[in-house]
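Worksheet: one structure, shown below.
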Amino acid sequence: MGVLPLRHLTWSHRLLCLMCGCQEGAGDDIDALLETIEQSNGLTLQSEGCGASDNRPVLYVEHRNLNPETELKRYFGARAVLGDQRPRQRQRQFHRSTWMTIPKDTWPRFSRPGISMTLLESRDGLQYFTFEHSRDYQQIQFKFLNSVESMDPNNIVALLQMNPYHIDSLLQLSDVCRIQEDQEMARDLIERALYSFECAFHPVCSLTSGTSRLDYLRPENRAFYLAVYKHMMFLERRGCPRTALEYCRLILSLDPDSDPLCMLLLIDFLSLRSREYNFLLRLYQDWEVHRNLSQLPNFAFSVALSHFHLSQEDQTESEERERLKHKAALLLQDALIMFPGVLMPLLDLCTVQPDAAVSSHDFFGPRSQLGQSPALAELVSLYVGRTHTLWREGGVLLWLEECVREVLRRVDAKDPLVEDCQNKRKQRYQSAPLNIHRHVILSEIKEATSTLPLEVTTQSVMGFDPLPPLDSVVSYTRPERGDTAGLLGRVPLCSFAHLNLFFLLASLRYGFFFATLPRRPASWSRLFTVDVETGVLRVLFNEAAS
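Letter by letter, the sequence shown follows residues -27 to -1, 1 to 519 in mature numbering (1 follows the signal peptide of the UniProt record, and there is no 0).
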């Protein structure tokens, strides 16, 4: 996750790579480079404003941390970052100043697209908002749905030319650009969608207080969740994990009880990547009682890893260092006993050959994988696929090895915790809720998507609204129309498992990223053609039907 080709970096990142002797086109560990520049500048690993003040709510968001420039200035200095920008006084004047994005002079002239925000109610110190669509915007939304069903991205492009700030069109076309490896355009479209949303904010809506709520049950609100999520992932891939963490907190604060995008499965990874260990520990301590975070594999392992990293910091006193390291070891042992199915896939992705005593032991052997319920296997695969790069460090692997040996000793000694955890695994994790499946789809982590159950993979999944809640609150409905979606629109996801050239169609209709799937058989080549000049993928429906 932390490795990017040099050509995808900003010039400031590129300069750092060249200073460190990296070659153009090579893959480089951006996290290691940023840590090097932090240390050379005398910066602490724990940045300000993320768990620094216990008086603030744990999901408190700071405006300045929503801007990636804040993070880049920590690494390169203000002069280097500001020198990479165009003079702002030359930019076209836009509707209003915003916090999440900076409007660009290359964007179409902004006019209100027909989205507004309404305050529904205020109670118990919380404000409940919802986005609303005007009648004109509803008609555009109907045209967008028609364009999606046509399976032709050119129709969405045409719709955006007429309505350059239509949210769902921007989100969908961004997916198409990303799949075609036009990352800059994909990111730009998401930023334009966020700007449109922020211009529609209610005057009393606050992103920072953690008291503003958006109900995911309302379809008009879901696009905002998705836009912020996609923006967050672009930031993480660009080497701005601290900024991405701030957006993760923002999404979680919008509906912390339901957590519709399951940000609790991601927030630990971003905390570790940005080295915000104290924030992660505070979140764990504050929420463990009512959310049972220790029963999620990602928190069980990441909290232990946070303690370990804190014990390794230079400014930690020797006595405190030993205490943290001892606690980290106990936490990791408990995590391994509770979730033994994590170890072998983790070592495999870290390209580490386990000791024969470990791989042949029943506790960590194949039975630990086969004994997992499908729901637990989904959580384990997601964590391993996302965070394995964080466990590759030499010191971490040595610590892991020590804890694994101690766990085997406890297992052989019939430690009562082993049987207790085994019973918990049998009783819990019977089925995963919809928000976990939704998170896995959005994550595009191949280790996790391969574990999705049939009830998910055999249904149509819209990229602009993946797995909508069954109890959605619908404010307006689409007029009845004839079935013009064609043959392809009625085919479930699993039927396309071998069609690598369906990337474009999949992004429009299904939202899955098929790059990780097997190569298509040669016999399928007659089913579709690609217009080389326009890049449009065309399906031969008659031949497909035969």
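Ideal placement from N, C-alpha and C gives every residue a C-beta, glycine not left out. Small disclaimer: the values here were computed from a predicted structure and weren't measured.
query	result
Local conformation of I88 per DSSP, three classes	strand
Endpoints, beta strand (DSSP E) assigned at Q156	Taken as a continuous stretch (DSSP letters only), Q156 belongs to no beta strand (DSSP E), being part of the alpha helix (DSSP H) at 156 to 172.
Status (buried if at least 16 other CB within 10 Å, exposed otherwise) for T450	exposed
For F437, the three-state DSSP class (helix, strand or coil)	coil
I140 beta carbon less than 8 Å from that of A166	yes
Length of the line joining the Cα atoms of E417 and S244	20 Å
Proximity below 8 Å, CB of V380 to CB of Q306	yes
Candidates D228, D287, W364, L352, of which the one nearest A277 by Cα	W364
Segment contact, 8 Å Cβ cut-off, at least three pairs: the segment 178 to 190 with the segment 89 to 105	yes
Meets three-Cβ-pair contact criterion under 8 Å: the segment 312 to 331 and the segment 356 to 363	yes
Distance CB(A273)-CB(M311) smaller than 8 Å	yes
For K203 and R151, the rounded distance between their alpha carbons	11 Å
Neighbourhood of L355 by C-beta, 7 Å cutoff - its chain only, sequence neighbours within 5 removed	L238, V413, S416, I418, A421
CB of Q288 within 8 Å of CB of G368, strictly	no
As assigned by DSSP and simplified to three states, the class of T(-18)	For T(-18), the predicted structure reports a pLDDT of 43, less than 50, and the residue's modelled location is therefore unreliable. A value from the coordinates is still provided. DSSP places T(-18) in coil when its eight states are reduced to three.
R186, enclosing beta strand (DSSP E) - first and last residue	185 to 187
N- and C-terminal bounds of the alpha helix (DSSP H) containing F242	240 to 246
Cβ pair L143, L199 closer than 8 Å	no
Run of the alpha helix (DSSP H) containing H280, from where it starts to where it stops	270 to 284
Beta-carbon gap between S279 and L253 smaller than 8 Å	yes
Cα-Cα separation between D161 and P76, rounded to whole angstroms	10 Å
Secondary structure of T181, DSSP reduced to three states	coil
For V384, the nearest candidate out of K399, T431, H410, D335 (CA to CA)	D335
Identity of the residues DSSP links to S95 by a beta bridge	Q100
Residues near V446 in its chain [Cβ-Cβ closer than 6 Å; skip 5 each side]	L190, R191
Below-8 Å beta-carbon distance, L187 vs any chain B residue	Absence of chain B from the displayed structure is noted, only one protein chain being present.
Between the CA atoms of C172 and residue 523 - distance to the nearest angstrom	Residue 523 is absent from the structure shown; the chain starts at -27 and stops at 519.
Own chain residues within Cβ distance below 6 Å of P313, not counting five before or after	F336, F337, S341
Contacts around N194, its chain only, beta-carbon distance under 7 Å, and the 5 residues preceding and following it disregarded	T103, F104, L187, D188
DSSP state of E105 mapped onto helix, strand, coil	strand
Check whether I224 and S169 have beta carbons under 8 Å apart	no
Buried/exposed call for M135, threshold 16 Cβ in 10 Å	exposed
Sub-8 Å separation of I129 and S147 beta-carbons	no
Reference L315, options K300, R398, L283, V353, closest by Cα	Correcting the residue type first, residue 315 is Val in the shown sequence and not Leu. It is V353.
Euclidean distance between Cα positions of V31 and Q400	31 Å
For C150, three-class secondary structure by DSSP	helix
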